[in-house]
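With positions in the sequence shown counted from 1, the corresponding number in the working numbering is that position plus 56.
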Amino acid sequence: MKRLLPSACLLATLACVSAPEIVVTDRATALEQQASGSFDQLERKLTRTGIVPRPVPLTPEELQALGIQTTLIEGEHGSTDADRMDGLLQRHCIGEGREGLLVDTYKDCKGASDRATRVALVDRVNRARVQLWRWMGTERKDLSADEIRRTWQVIHLKGVVCGAWLQRADGAWEEKKC
């Protein structure tokens with residue numbers, strides 16, 4: 057019995073020992089999900105973009121190979137912003153507004169015109185004009201900003217290309233006669 061006692065104690069001790077309970081999850085905690093971000097909206101947008109049919113962009117050389125006249129499309133490689141602006145003014149895609157700034161007049165546009173390119177050009181030219189008027193104001197402090205703008209506009213309109221789209225004082229649009 058003496059021998060049995062240590063064996064029984066050992067057996068009783070081993071019976072009380074058990075492995076800890078382990079829980080394995082395959083999902084991140086809420087904090088981990090917030091830290092990693094959610095891209096559901098971006099994924100939906102990419103999926104829609106991949107599904108929506110749209111025109112294939114073609115280079116001017118590819119359009120010419122198909123027999124399409126590319127002079128109606130602004131943005132040719134050799135032209136400057138001034139050349140593109142003159143073409144857009146003559147085709148009534150943009151107009152010289154009565155306040156001295158360019159205006160996007162896409163509803164009256166004759167021929168093809170890329171809206172993003174047109175809007176970027178109008179924004180660039182208008183920013184440059186406003187900067188010019190500010191500089192002129194620092195040079196001629198005796199004139200108001202409106203007087204500077206109106207004087208500049210009178211001189212500028214003399215050099216605008218013939219057939220350009222101009223806004224009259226009453227808000228209506230007309231072609232420049234030369």
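Note that CB positions come from ideal geometry on N, CA and C, so glycine has one too.
- Under the three-state reduction of DSSP, Ile211 is assigned to helix.
- In the DSSP assignment, Glu152 falls within the beta strand (DSSP E) that extends over 150 to 152.
- Rounded to whole angstroms, the gap between the alpha carbons of Thr136 and Glu88 is 52 Å.
- The closest CA to that of Met141, considering only Leu119, Asp202, Asn182, Ile107, is found on Asn182.
- Contact check for Asp160 against Cys149 passes: the beta carbons are separated by less than 9 Å.
- The C-alpha of Arg154 is placed about 17 Å away from the C-alpha of Leu144.
- By the Cβ neighbour-count rule, Ala176 is exposed, with fewer than 16 other Cβ atoms within 10 Å of its own.
- Nearest to Val210 by alpha-carbon distance, out of Leu119, Arg224, Gly219, is Arg224.
- Of the candidates Val217, Ala168, Glu152, Gly106, the residue whose Cα lies closest to the Cα of Ile124 is Ala168.
- Here Val112 is exposed. Its C-beta has fewer than 16 other C-beta atoms within 10 Å.
- Assignment of alpha helix (DSSP H) within the stretch 163 to 215, counting only whole runs of 4 or more residues, yields 171 to 195, 201 to 214 in chain order.
- Collapsing the DSSP output to three states places Glu230 in a strand.
- For Glu231, the closest of Leu114, Pro116, Glu152 by C-alpha to C-alpha distance is Glu152.
- Between Trp189 and Gly215, the C-beta spacing is not below 9 Å.
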